[in-house]
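**Q**
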Amino acid sequence: MSINIPAISRNNLPDVFRLSEEYRRSIRAVDAYCDPVDEDNPEMCALALWAFPNAHVNIVFSPRPVDLQAPLYGDAFGHLKDDILKIKRPDQLILPLGMQKDRSWLEKIPAKYKHLFFEDKGFEEQRIRDVTPKYLVSSSYRFSEKFTLLEHEFSRFTFYWDPQSMDTIRVGIRHPVHVNDFAYAFKNKNDNGPRDDDNELARFNVAKDLEGPEREQAIMTIMDHFIKRQFQKFGEFGLAEETAILHHFDELVEERQRTKVIPFVMVGGPFETILKYIDSDLKVLQIWCQSLYTSGHLNLFANQYNNHCNMGAAIQFFERVKQKKIPTLVTPTEATKGSKFEFDDEQLSEAFKYAPFFYKDTLFFRNETKTLVRSIAFDVIAVIGTLHPDILPAKPVHVFATTITTPLEGEVVILKAEHKTEGDTSPEGCIWMYWNDDEWQGKNVPILMELFQTVFRPKSMIGS
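So the sequence shown is residues 17 to 480, counted in the numbering used here.
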């Protein structure tokens, strides 16, 4: 697939990150590591399918702890933030209570909202572990539906996860603020007088207002129906059973040890599974990832979110990259959030002009978060440079861990990046970072829109 859009300004990225069409066509495998939640994750994977047309795309999920018993803030979020706590940022309402050093603000919460302020359960809770495989199977079908709507063949992608990742991933944000991503592909079949159990979305809108085990069981039942429905659609492609769409990560490692295929890697989530891959003594061509930050003033927490969910893995990942001299290109928070590359509603509609299903779900996700005013394509921006490397300015960086003290979290370990000085020949020369620049990004917004319209377009519409 060719892209012939001239650069407005040329950055100083080394040639290794300037991927020609010939090089992209030569890649046999792309490994895309992501969590299933935000809409930019299936979008990142869809870009991989388009940008590397001869590659098999292996999507490796990092699970999030899904507590289907937990009540959601819903409309109470704005009232709690603005009227009761009178805070400008929603950090206190979003960071898990167990990670907050000062919780005296909880005394201001009225009795009718007290049930929303509980200790968030993670993977230490067996019932949350039990939900996870079904959640990821459901997510695999949800992603597959989007890819096939873009007319990518089902045979070109495979889903994996590593159950061991549940041992190290922590609760990233409070359960009451989580979006219901697992419900985004639920459907109603109202046209032909269906049975009640066919109305997945209507049943979910009732179930989400239930509480405790009753809520969990109701949602799990709907999820079962969704999985059965999707299996009827995708089973014809050789799936032996409903859960066969999702594979154990060890299968991918064993395949690579046997075939010696070297993948191009994208990371749009926590780093525990790509770290395991690298530590299996397997090679990668290069890594493009969404991580780190330039100033940190837009972070909800002390760390960028992917690092925050598994800090130990993030620190070790960057150490391994330096040790093994793996070419790595990082996109920080500020290159997307709060930048000229955020989309308002009109821009979002234009970007997904040929893929309205992405537009609908991206808009719905943004509104469900309660924390975003504009849509942010974090993980897509992190890899869109594979098609247009000059989309952002870039710098070589040092990445290192240090300790800071914040009012909300107290003393916390963070990962920082600092621009390398000219002539610095340390082994960290393999790590480069895109940089936020309002003037540069403002000039490149039309190019970004053209790239989105090119990538997110069914194959049959190419040329239209």
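The beta-carbon is built from N, C-alpha and C at its ideal position, and this holds for glycine as well.
Short of 7 angstroms in beta carbon distance, which residues of its chain neighbour A218, apart from the five on each side in sequence? Order them along the chain.
**A** Numbered from its first residue, the sequence shown carries residue 218 at position 202. Only N204 meet the Cβ criterion.
**Q** Take S156 and list the residues in its own chain whose beta-carbon comes closer than 7 angstroms to its own, dropping the five residues that flank it on each side.
**A** The residue given as residue 156 occupies position 140 in the sequence shown. Once the five neighbours on either side are set aside, the close Cβ partners of S156 are F175, I261, L262.
**Q** What did DSSP end up calling S78 once you bin it into helix, strand or coil?
**A** Here residue 78 refers to the residue found at position 62 of the sequence shown. Looking at S78 - three-state DSSP - the assignment turns out to be coil, as it is neither helix nor strand.
**Q** Is R145 closer than 8 angstroms to M115 when the C-beta atoms are compared?
**A** If you number the sequence shown from 1, residue 115 lands on position 99. If you number the sequence shown from 1, residue 145 lands on position 129. Going by C-beta atoms, M115 is not nearer than 8 angstroms to R145.
**Q** For a test of the three-state rule: what should DSSP assign to W456, helix, strand or coil?
**A** Counting from one through the sequence shown, the residue named residue 456 turns up at place 440. Of the three classes helix, strand and coil, the one that applies to W456 here is helix, per DSSP.
**Q** Under a three-way DSSP split, which group does L262 fall into?
**A** To locate residue 262, count along the sequence shown from 1; it is residue 246. Note: L262 maps to strand in three-state DSSP.
**Q** Can you give the Cα-Cα distance for Y89 and V222, rounded to whole angstroms?
**A** In the sequence shown, counting from the first residue as 1, residue 89 sits at position 73. In the sequence shown, counting from the first residue as 1, residue 222 sits at position 206. For Y89 and V222, the distance between alpha carbons rounds to 16 angstroms.
**Q** As a quick exercise: from W304, D377, G354, K338, pick the residue whose alpha carbon is nearest that of M449.
**A** Position 433 of the sequence shown holds residue 449. Comparing Cα positions, the closest option is W304.
**Q** How far does the alpha helix (DSSP H) with K121 in it extend, from its first residue to its last?
**A** For the purposes of this step, residue 121 is identified with residue 105 of the sequence shown, where counting begins at 1. As written in the sequence, residue 121 is Trp, which differs from the Lys given in the question. Run containing W121: none; DSSP gives neither H nor E here.
**Q** Which whole runs of the beta strand (DSSP E) in the segment 289-313 are 3 residues long or more, in chain order?
**A** As far as the segment 289-313 is concerned, its whole beta strand (DSSP E) runs of at least 3 residues are 303-306.
**Q** Please classify H72: does DSSP put it in a helix, a strand, or coil?
**A** Residue mapping note: residue 72 aligns to position 56 of the sequence shown, counting from 1. Residue state, collapsed to three classes: strand.
**Q** Pull the bridge partners of W177 from the DSSP assignment, please.
**A** Counting from 1 along the sequence shown, the entry for residue 177 is found at position 161. In the DSSP output, where bridge partners are listed per residue, W177 has F77, H264.
**Q** What ranges does the alpha helix (DSSP H) occupy inside the segment 356-396, keeping only unbroken runs of at least 4 residues that lie completely in it?
**A** Correct list: 361-367, 372-385.
**Q** For I420, does the three-state DSSP call read helix, strand or coil?
**A** The sequence position of residue 420 within the sequence shown is 404, counting from 1. Three-state DSSP puts I420 in a strand.
**Q** Just verifying my parser: in three-state terms, what is the DSSP assignment at I407?
**A** Along the sequence shown, one-based indexing puts residue 407 at 391. Three-state DSSP puts I407 in a helix.
**Q** Whose CA, out of K249, M239, P192, lies closest to the CA of D225?
**A** For the purposes of this step, residue 225 is taken as residue 209 along the sequence shown, with counting starting at 1. Ranking K249, M239, P192 by Cα distance to D225 puts P192 first.
**Q** Go ahead and label E463 buried or exposed: buried means 16 or more other beta carbons lie within 10 angstroms of its beta carbon, across all protein chains shown.
**A** Position 447 of the sequence shown, counted from the start, is the residue given in the question as residue 463. Before going further, note that residue 463 is Ile rather than Glu in the sequence given. Label assigned to I463: buried.
**Q** On the criterion of 16 or more Cβ atoms from any shown chain inside 10 Å, does P210 qualify as buried, or is it exposed?
**A** Position 194 of the sequence shown, counted from the first residue, corresponds to residue 210. Caution applies to P210, whose pLDDT of 45 falls short of 50 and renders its modelled position unreliable; the value that the coordinates give is listed next. It is exposed - the Cβ of P210 has fewer than 16 other Cβ atoms within 10 Å.
**Q** Does the separation of the CB atoms of V399 and A45 fall below 8 angstroms?
**A** Walking along the sequence shown from the start, residue 399 turns up at place 383. Walking along the sequence shown from the start, residue 45 turns up at place 29. No, these two residues do not count as a Cβ contact at 8 angstroms.
**Q** Checking 8 angstroms against the spacing of the C-beta atoms, do L431 and A330 come in under that value?
**A** Here residue 431 refers to the residue found at position 415 of the sequence shown. Here residue 330 refers to the residue found at position 314 of the sequence shown. Against a cut-off of 8 angstroms, the Cβ pair of A330 and L431 comes out as a contact.
**Q** Can you pull the DSSP bridge partners for L431?
**A** One-based indexing of the sequence shown puts residue 431 at position 415. According to DSSP, L431 bridges with A417.
**Q** For N74, is the classification buried or exposed, using 16 other Cβ atoms within 10 angstroms of its Cβ as the cut-off for buried?
**A** Numbered from 1 along the sequence shown, position 58 holds the residue referred to as residue 74. So N74 counts as buried.
**Q** DSSP three-state label for A64, please.
**A** Residue mapping note: residue 64 aligns to position 48 of the sequence shown, counting from 1. Looking at A64 - three-state DSSP - the assignment turns out to be helix.
**Q** Do you know how far the Cα of I407 is from the Cα of A23?
**A** The residue given as residue 23 occupies position 7 in the sequence shown. The residue given as residue 407 occupies position 391 in the sequence shown. Spanning the two alpha carbons is a distance of roughly 8 angstroms.
**Q** How big is the Cα-Cα spacing for E384 and A92?
**A** Against the sequence shown, residue 384 aligns to sequence position 368. Against the sequence shown, residue 92 aligns to sequence position 76. Their backbone Cα atoms lie some 12 angstroms apart in a straight line.
**Q** Alpha carbon to alpha carbon, how far is K150 from L111?
**A** Within the sequence shown, the letter at position 134 stands for residue 150. Within the sequence shown, the letter at position 95 stands for residue 111. For K150 and L111, the distance between alpha carbons rounds to 26 angstroms.
**Q** How many angstroms separate the CA atom of P286 from the CA atom of S78?
**A** Taking the sequence shown and counting its residues from 1, one reaches residue 286 at position 270. Taking the sequence shown and counting its residues from 1, one reaches residue 78 at position 62. Distance between the alpha carbons of P286 and S78: 7 angstroms.
**Q** Return the chain-ordered list of same chain residues with a C-beta closer than 8 angstroms to the C-beta of Q332, the five sequence neighbours on each side being excluded.
**A** Locating residue 332 in the sequence shown gives position 316, where the first residue counts as 1. F287, L291.
**Q** Under the rule that 16 or more other beta-carbon atoms within 10 Å means buried, what is P69, buried or exposed?
**A** Position 53 of the sequence shown holds residue 69. With fewer than 16 other Cβ atoms within 10 Å, it is exposed.
**Q** DSSP puts F344 in a beta bridge; with which residues?
**A** Taking the first residue of the sequence shown as 1, we reach residue 344 at position 328. Sequence check: residue 344 is Thr here, not Phe. Its beta-bridge partners are I303, I447.
**Q** Given that a residue counts as buried once 16 or more other Cβ atoms are within 10 Å of its Cβ, and exposed if not, what is H324?
**A** Against the sequence shown, residue 324 aligns to sequence position 308. It counts as buried.
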